[in-house]
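The sequence shown begins at 1 in UniProt numbering and counts up by one.
A virtual CB, placed ideally from N, CA and C, is assigned to each residue, including glycine.
Here the structure is a predicted model, which is why all the values come from computation and not from measurement.
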Amino acid sequence: GFASDFHPYQKDIDKFPGSELLLMFDPDRGYGEKLVFPITQAAYDREKERIAEARALVLEEFEKSLIPEGAEGGGEGDEEPEENIVVRDLPRECKEWVSETLEATHQEVTNFTVHNSRPPMQVMISRPRAQFGKNNFKFSDSGENLHNCRPQKDPNFALQRKELEIGIQSVKDTRTCACQTTWNRPVNKSTQYSPNDFLQRDKVDSK
1 GFASDFHPYQ KDIDKFPGSE LLLMFDPDRG YGEKLVFPIT QAAYDREKER IAEARALVLE
61 EFEKSLIPEG AEGGGEGDEE PEENIVVRDL PRECKEWVSE TLEATHQEVT NFTVHNSRPP
121 MQVMISRPRA QFGKNNFKFS DSGENLHNCR PQKDPNFALQ RKELEIGIQS VKDTRTCACQ
181 TTWNRPVNKS TQYSPNDFLQ RDKVDSK
C-alpha cells in the first residue's frame, strides 16, 4: 500500500525474477536504509551463500562451546553413549501393603475416612390406610411428544416483603452536573515514521 515502507521500491520488487525476496537488516545503513534486499538473482545467490556460511560458523562455535574443557582431543571413543529412555504406559501393579507398625496403618486409614459429625436422622414414611392396596401411580415412560407451556399473566400476583434489610447513612447534599468537550470533525489521514530516523539524527548532532 501507499503507507508501506516498500512502496517506493514497488517497481524493483516486481522486476525481481526470484520467487522469494531476501530481506536483510543493515544496522550501519550502508545503502541508506536499515532494511535492504537484492534486486537481481546474482545478488540474491551471493547474499544467500554468505548468510549460509555465517550460520555454519555460528553453529560450529556453539557445538564447540557444549564440549567440556579437557574433553577435546580424546577421540570419538571417549564420547558417552546416549541414553535411550523408553516410556511404557502400563496399568499400575497392585503391591503388598507395607507398614512399619499396625498402629501406623490404622492411623493412615483413619485419616482417609470421613466421619459423620452429626447424628443420623430417622425418617418414617407412611400412607393412609384407605390407600392400602390401591394402584394410584403408573410407572411408565412418558411420550416423546413435546409439551409447550404458554406464558400466562396472573393478575392476582402480589409480592409482599415481610422483612427487608437496608442501611441508611447521612451524607452531604449532592448535585448532578455534566459537561461536554468540543467536537472536532474526523478526517481520514495517516502518519508513519521510523524511530531509527530520529536516533540517527541525534547521533549525527552529538558528533
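Between Asp26 and Lys34, the CB-CB gap stays under 7 Å.
Rounded to the nearest whole angstrom, the CA to CA distance from Glu60 to Leu66 is 10 Å. Out of Pro38, Phe16, Lys95, Ala158, the CA that lies nearest to the CA of Leu22 is found in Pro38.
Annotation: Tyr193 to Val187 spans about 19 Å, alpha carbon to alpha carbon. If only complete runs of 4 or more residues are kept, the segment 131-176 shows no alpha helix (DSSP H) anywhere. Taken through DSSP and simplified to helix, strand or coil, Leu35 comes out as strand. Cα atoms of Gln160 and Thr105: separation of roughly 59 Å, rounded to the nearest angstrom.
Here Phe62 carries a helix assignment [DSSP, helix/strand/coil]. No Cβ-Cβ contact shorter than 7 Å links Gln41 with Pro8. Going by DSSP, Gln192 is part of no alpha helix (DSSP H) at all; its letter is neither H nor E.
Note on geometry: alpha-carbon atoms of Asn84 and Glu63 lie some 22 Å from one another.
The straight-line gap separating the alpha-carbon atoms of Thr113 and Glu103 is approximately 15 Å.
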